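Novice:
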Amino acid sequence: MSKIKFHGVSLEPVRVDVRHISDSIVTEILQGIAHHLVVFADVTTIAYVGDKPIRNANVLYEVGLAHAIRLPEEVILFRSDEDQLIFDITNVRVNSYDPDTDPSTARELVIDSMNNALKEIDLKRHLSVRRAAESLDYPSWMALAEAQHGDITHPVMRTMGQAIGNASRARAIERLLDLGALKTEYLQVTPELFKSAGGGPAENMFRYHTTPFGSAIFEEGTARILSPEIVSILKEHFQNETKDS
122 MSKIKFHGVS LEPVRVDVRH ISDSIVTEIL QGIAHHLVVF ADVTTIAYVG DKPIRNANVL
182 YEVGLAHAIR LPEEVILFRS DEDQLIFDIT NVRVNSYDPD TDPSTARELV IDSMNNALKE
242 IDLKRHLSVR RAAESLDYPS WMALAEAQHG DITHPVMRTM GQAIGNASRA RAIERLLDLG
302 ALKTEYLQVT PELFKSAGGG PAENMFRYHT TPFGSAIFEE GTARILSPEI VSILKEHFQN
362 ETKDS
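Read in order, the letters of the sequence shown correspond to residues 122 to 366 in our numbering.
1) Taking only runs that begin and end inside the segment 238–307, name each unbroken beta strand (DSSP E) of 3 or more residues, in chain order.
2) So Y307 and A268 are in contact, right, with Cβ under 8 Å, and what is the actual spacing, rounded?
3) So what's T311 in DSSP terms, helix, strand or just coil?
4) Go through its chain and collect everything with a Cβ distance to S289's Cβ below 6 Å, but skip five positions before and after it.
5) Measure the Cβ-Cβ separation of A253 and I175 and say whether it is below 8 Å.
6) Would you mind sorting G342 into buried or exposed? The rule is 16 or more other CB atoms within 10 Å of its CB.
7) Opposite A162 in the DSSP bridges: which residues?
8) Suppose contacts are defined by Cβ-Cβ distances below 8 Å. Is E195 in contact with V160 by that definition?
9) Measure how close the beta-carbons of V213 and L198 come, nearest whole angstrom, since I'm counting them as under 8 Å.
10) For I338, report the span of its alpha helix (DSSP H) as first-last.
11) If you measure between the beta carbons of V180 and A168, is that distance less than 8 Å?
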């Protein structure tokens, strides 16, 4: 059983270097870098050319990708040498271990490093959620609340009345998209859909639905506004509405 837990759930590593299909390896590496909880890499020297240390070029490339799209705390690096690295690591933490001669200690170092990283990530995400929740105005909050129970659409703004009446909702959606609380879904316009819509508003081609970050912001705001008892009642109410529909 894994000794690394996050919110009470035991985590298991996903290794892509044991796959047998090359295309699958590339795909899984890229998906893992983008979506997995943390990225772990060993950048230990694998050979020497004279006195020059040689490290795995594929690993270094993947580490570069990870640092470009992930938080620093989400990229965990280890090595078992003291050779000079070939890139600037001034702001990059590289941990040391010796898995070949002392595997037990190395395992504990990796576990401690993972657990500490997860605590830092959780704290930063919580702080980000709090800041985002505190930045929402009333129209943004209402749009986010609506998105928790289904996709929302862009308001129609073809007439002066529509533009004035729907301006606050349009700005709210724009703000939530900027925060990453909503994401856009594009509907493919087929001849049947176009005909049924009667050449209607182009806004119908877009849907917005909440992201995990958006749901976390909503939960943070709800916890501040409502008591736990009211939250439970509302959750039960919406669950019953979903079943009935």
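Positions of the beta carbon are idealized from the N, C-alpha and C atoms, including for glycine.
This structure is a prediction, so every number in the text was calculated from the model and none was measured.
Specialist: Considering the structure as presented:
1) Along the segment 238–307, the beta strand (DSSP E) occurs as fully enclosed runs of 3 or more residues at 303–307, listed in sequence order.
2) A Cβ-Cβ distance of about 17 Å is found for the pair Y307 and A268, leaving them out of contact under the 8 Å criterion.
3) If DSSP states are grouped into helix, strand and coil, T311 belongs with coil.
4) Excluding residues within five positions, the ones whose Cβ falls inside 6 Å are P260.
5) In this structure, A253 keeps its C-beta atom at 8 Å or more from the C-beta atom of I175.
6) Counting the other Cβ atoms within 10 Å of the Cβ of G342 gives 16 or more, which makes it buried.
7) By DSSP's assignment, A162 forms a beta bridge with L198.
8) Yes, Cβ-Cβ distance for E195 and V160 is below 8 Å.
9) The Cβ separation is near 7 Å, so the contact holds.
10) Secondary structure note for I338: its alpha helix (DSSP H) is the uninterrupted segment P333 to I346.
11) Going by C-beta atoms, V180 is not nearer than 8 Å to A168.
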